[in-house]
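Residue numbers (the working numbering): 1 to 373.
Glycine included, every Cβ here is placed at the ideal spot set by N, Cα and C.
These numbers were taken from a predicted model, which means no experiment stands behind them.
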């Protein structure tokens, strides 16, 4: 049976904790890594109603988008709402795991899920993140030792490219050197120029494993003095990033688009707000799941006809609309926008880990319970 450790490994592969903002609190909040997990409930908020649903369904794990805590605590007593959540989880053997800002930017993340829910095509990041920095390693080694050195570097994490590993390029040539007094050469004699058939090994590696790759190289290489280069490739944009931008299948007016958005998002008790000419034509759509006012100018500069996000404030929108040709704005409930991620993440986990049953909570945990027109 899969364990909590197995489930977390899959989730971390999809939503790497390294992608979380520095202020965020993601990861496992409660649970034994060795505990078996057969039922996983996905929800937006780790509130008592969701935990009660997990208990009733017999869940072993609850995965939420929002963290239970973002600040340090000194008590988890059941006399507080959050403390009661923890006590209910632990007393029923249910783990809690959070994927928050680490699930905002990647493929199969919150913003991409929202874009797919709205039926957009040609979806791409609105503001792409820089790709993880990489190194290119160039190493010179006697041909007889090339396989051993390459294997050591691969074991340390070098040579991984997307869905491939053990990648390298190898060419051959002749190296020469003369050992001086004090040297202890693996090949040749002190004072004599040596010519050695050598291999040139090239491979890439994430920069975060640079020290590990260097240590593996040095340990496996036969020479006293190792000739190698570490080069920095040109920076590239990642396939993840803040927000998304894409196109509708056909143009529609802003009024019709607002209705389309409301229909595609889950039902709620809050309001969808619209800023702009209702007759304006909409084709290019920018969006950001959750609170996205920081991308309003980016959406406009990208040529979007409309920007969809949540929690927009009066003054930024007012000032935005004063600009000639500014894109329209649609403000949707925070909970509804982020809920679109739940079925995507649920399906992704089920497809990647056999033996796990997943369920998406449909409880409306939006704190706004009604609105007056």
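- Counting only runs that start and end inside the stretch 222-298, the alpha helix (DSSP H) elements of at least 4 residues fall at 254-264.
- A Cβ-Cβ separation of about 25 Å leaves residue 70 out of contact with residue 37 under the 8 Å criterion.
- The residue among 140, 287 and 299 with its C-alpha nearest the C-alpha of residue 218 is 140.
- Exposure of residue 193 is indicated by the presence of fewer than 16 other C-beta atoms within 10 angstroms of its C-beta.
- Rounded to the nearest angstrom, the gap between the Cα atoms of residue 326 and residue 63 is 38 Å.
- In the same chain as residue 167, and ignoring 5 residues on each side of it, the C-beta atoms closer than 8 Å to its own belong to 159, 160, 161, 203 and 204, in chain order.
- Under the three-state reduction of DSSP output, residue 322 falls in the coil class, being neither helix nor strand.
- Rounded to whole angstroms, residue 20 and residue 229 show a C-alpha spacing of 32 Å.
- Across the set 115, 22 and 60, the C-alpha of 60 shows the shortest separation from the C-alpha of residue 8.
- DSSP, reduced to helix, strand and coil, places residue 155 within a helical segment of the structure shown.
- Secondary-structure assignment with DSSP links residue 172 through a beta bridge to 199.
- Distance from the CA atom of residue 290 to the CA atom of residue 311, rounded to whole angstroms, is 8 Å.
- Between the alpha carbons of residue 65 and residue 45 lies a gap of roughly 6 Å.
- In the displayed model, residue 142 falls within a strand according to three-state DSSP.
- Beta-bridge analysis with DSSP links residue 41 to 62 and 359.
- The beta carbon of residue 111 sits closer than 7 Å to those of 104, 243, 244, 287, 288 and 289, all from its chain and outside the five residues before and after it, given in chain order.
- For residue 281, the CB contacts under 6 Å within the same chain, skipping 5 residues up- and downstream, are 251 in chain order.
- Residue 114 sits in a helix when the DSSP states are folded into three classes.
- Shown here for residue 206: same chain residues with a beta carbon closer than 7 Å to its own, the five before and five after excluded, namely 132, 134 and 157 in chain order.
- Closest by C-alpha distance to residue 52, out of 23, 33 and 86, is 86.
- A distance of 9 Å or more separates the beta carbons of residue 126 and residue 11.
- Close CB contacts of residue 278 within its chain, under the 7 Å cut and outside five residues either way in sequence, are with 253, 254 and 255 (chain order).
- Our two residues, residue 318 and residue 309, have alpha carbons roughly 15 Å apart in a direct line.
- Per DSSP, the continuous alpha helix (DSSP H) segment holding residue 334 begins and ends at 334-339.
- In this structure, the alpha-carbon of residue 366 lies about 26 Å from that of residue 75.
- Annotation for residue 212: the continuous alpha helix (DSSP H) segment containing it runs 210-220.
- Counting the other Cβ atoms within 10 Å of the Cβ of residue 22 gives fewer than 16, which makes it exposed.
- Bounds of the beta strand (DSSP E) holding residue 331 are 328-331.
- In the three-state reduction of the DSSP assignment, residue 91 falls in the helix class.
- Put simply, the backbone Cα of residue 213 is about 13 Å away from that of residue 226.
- In the assembly as shown, residue 240 is a buried residue. Its beta-carbon has 16 or more other beta-carbons within 10 Å.
- Separation of residue 274 and residue 320 (C-alpha to C-alpha, rounded to the nearest whole angstrom) is 13 Å.
- Following the DSSP letters along the chain, one finds residue 310 inside the beta strand (DSSP E) bounded by residues 306-310.
- Straight across, the Cα-Cα distance linking residue 357 with residue 43 is about 15 Å.
- Residue 164 sits exposed, since fewer than 16 C-beta atoms from the chains shown fall within 10 Å of its C-beta.
- DSSP places residue 128 within a strand segment (E or B) once states are collapsed to three.
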